[in-house]
Amino acid sequence: MLDVKRIQETLRYARLWEMDLTVFGSMAHQYYLAPPLPVGALERWETEHGLTLPEDYRTYITQVGNGLAGPGYGILPFDLQTFDPAWKNPCIYGPERQEEYNAVATEVQELMDEEVCTPEQDARYEADYEKLVGRLMRDGVLTIGTSGCCGVYGVALNGGNCGAFLHLTDELEYYDPGPNSRYVRPFAQVVEDWRAKIEAACDALTQAQLNRSARERRWMAEFAARWSEGAFEEAQRLVHELEKAPSISNKCLGFLDYLGKQSKDRANPSHWRKSGENWKELGRRMDAIVAARRGSFLPALSYPGYTRWYLCKHLTLEQFLDSLEEKTEVPAENS
Numbered sequence: 001m002l003d004v005k006r007i008q009e010t011l012r013y014a015r016l017w018e019m020d021l022t023v024f025g026s027m028a029h030q031y032y033l034a035p036p037l038p039v040g041a042l043e044r045w046e047t048e049h050g051l052t053l054p055e056d057y058r059t060y061i062t063q064v065g066n067g068l069a070g071p072g073y074g075i076l077p078f079d080l081q082t083f084d085p086a087w088k089n090p091c092i093y094g095p096e097r098q099e100e101y102n103a104v105a106t107e108v109q110e111l112m113d114e115e116v117c118t119p120e121q122d123a124r125y126e127a128d129y130e131k132l133v134g135r136l137m138r139d140g141v142l143t144i145g146t147s148g149c150c151g152v153y154g155v156a157l158n159g160g161n162c163g164a165f166l167h168l169t170d171e172l173e174y175y176d177p178g179p180n181s182r183y184v185r186p187f188a189q190v191v192e193d194w195r196a197k198i199e200a201a202c203d204a205l206t207q208a209q210l211n212r213s214a215r216e217r218r219w220m221a222e223f224a225a226r227w228s229e230g231a232f233e234e235a236q237r238l239v240h241e242l243e244k245a246p247s248i249s250n251k252c253l254g255f256l257d258y259l260g261k262q263s264k265d266r267a268n269p270s271h272w273r274k275s276g277e278n279w280k281e282l283g284r285r286m287d288a289i290v291a292a293r294r295g296s297f298l299p300a301l302s303y304p305g306y307t308r309w310y311l312c313k314h315l316t317l318e319q320f321l322d323s324l325e326e327k328t329e330v331p332a333e334n335s
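Each residue of the sequence shown is one higher than the last, beginning at 1 in UniProt numbering.
Following this line, the structure appears as structure tokens:
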């Protein structure tokens, strides 16, 4: 069973203070949650389609948040406009379907060994591949996220493991005969393990990091306002202030990287009515800060039009900026 309050509290704290985004996948969602899905709306969807979503997943999207933050690179918001008839088909990841799973996995291995030389063979191969993808990835499985690359997260919608968190892959060569339970973990346990990792990362924050987070949230809120107004002198002062900072969090660097790309693309003409060349030079200085501080890796922070991971829906820039205004006292280290 999910501890809704504790999950929300952990994410709120991390959103404000764990700005280096050290937990795997947090660069995609930055610990933000979309608003919960109204229970009544979901119940109408379930009645219309004759399908009840599993309890723990249902609790997550209706009480914790309908997507964004979650294990891996986040959880997809549930779309009430979508229904796939394959969701009602038997899910193959249950103990009662072990024999069937082995047969499908054997078929996968045989398909992988086939030689395809003619257009006819290629067409048959594609048809067989699509059939197997459906059985392994869509029948009784709701896709909810990704672990990156070919890793796909799902929820079993029926069968002996109904409601379980599934860690799958969209590359069939990884499926072979053997225990189908290897893909299955309790949904609540996966979420709790993920939450505990975030809590541990927050507990490890130093007082210097906490103080920096407070300063950077104020800085980003002010810089966004000056940038939007086209107040060049003030924006220039703020960039100079950041250039002198002894350290900058990944969250702040990602924010700077995003606006630096806007300056190069001239995405918002209102910024360029006056002193266009000055704004371009300021953008180059912003890029230089990012390049100097990023080391070998900078998380791909995702704002509108700047999305890296194909399965996850990301927060908007407006959602990001809303949290910067939150008035929160700097906590004592590890309190």
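From the three backbone atoms N, C-alpha and C, an ideal C-beta is built for every residue, glycine too.
The beta carbon of A292 sits closer than 7 angstroms to none of the beta carbons in its chain outside the five residues before and after it. With fewer than 16 other Cβ atoms inside 10 Å of its own Cβ, V116 counts as exposed.
When the Cα atoms are used, S323 and A204 turn out to be separated by approximately 22 angstroms. The shortest CA-to-CA distance from N180 to any of R285, T106 and A34 is the one to T106.
When rounded, the separation of the alpha-carbon atoms in Q319 and G65 is 14 angstroms. Boundaries of the alpha helix (DSSP H) harbouring S213: Q207 to E229, taken from the DSSP string. In this structure, the alpha-carbon of L259 lies about 8 angstroms from that of G283.
Contact annotation: R226 and L210 have beta-carbon atoms that are not nearer than 8 angstroms.
Comparing alpha carbon positions, the residue from V23, T59, M19 and T52 closest to K5 is T59. DSSP, read as helix, strand or coil, puts S247 in coil.
Contact fails between the segment 81-98 and the segment 118-130, because fewer than three Cβ pairs, one in each stretch, are under 8 angstroms apart. Under a 10 Å Cβ-count criterion, M112 is classified as exposed, with fewer than 16 other Cβ atoms of the shown protein chains found around its own Cβ.
Taking C-beta separations shorter than 6 angstroms and ignoring five residues to either side along the sequence, the partners of S147 in its chain run G72, following chain order. Check the Cα spacing between V155 and each of F187, M19, L132 and E130: the tightest is with F187. Counting the other Cβ atoms within 10 Å of the Cβ of G25 gives 16 or more, which makes it buried. Per DSSP, the continuous beta strand (DSSP E) segment holding T143 begins and ends at V141 to G148. Under the three-state reduction of DSSP, V191 is assigned to helix. Taken through DSSP and simplified to helix, strand or coil, F78 comes out as coil. In the displayed model, R284 falls within a helix according to three-state DSSP. The beta carbon of E173 sits closer than 7 angstroms to those of M112, all from its chain and outside the five residues before and after it, given in chain order.
Between S247 and the set E216, V133 and E329, the nearest pair of CA atoms involves E216. Sequence-distant partners of I75 (beyond 5 residues in either direction) whose C-beta falls short of 6 angstroms from its own C-beta, in its chain, are G67, I144 and G145. Nearest to A224 by alpha-carbon distance, out of D257, P36 and T62, is D257. Distance from F232 to N158 at the Cβ level is roughly 59 angstroms; contact not present, criterion being Cβ atoms closer than 8 angstroms. In this structure, the CA atom of R218 is about 11 angstroms from the CA atom of L16. Between the alpha carbons of Q189 and M1 lies a gap of roughly 8 angstroms.
Taking 8 angstroms as the cut-off, the Cβ atoms of L37 and T62 count as close.
Exclusion of the five residues before and after A235 leaves F223, R226, W227 and L282 as the residues of its chain whose Cβ lies within less than 7 angstroms of its Cβ. Leaving aside the five residues that flank E243 on each side, the residues in its chain whose CB is nearer than 8 angstroms to its CB run, in chain order, R285 and I289. E18 is classed as buried because its beta carbon has at least 16 other beta carbons within 10 Å across all chains shown. When secondary structure is reduced to three states using DSSP, T47 falls in the helix class.
In this structure, the beta-carbon distance from L142 to W87 falls below 8 angstroms.
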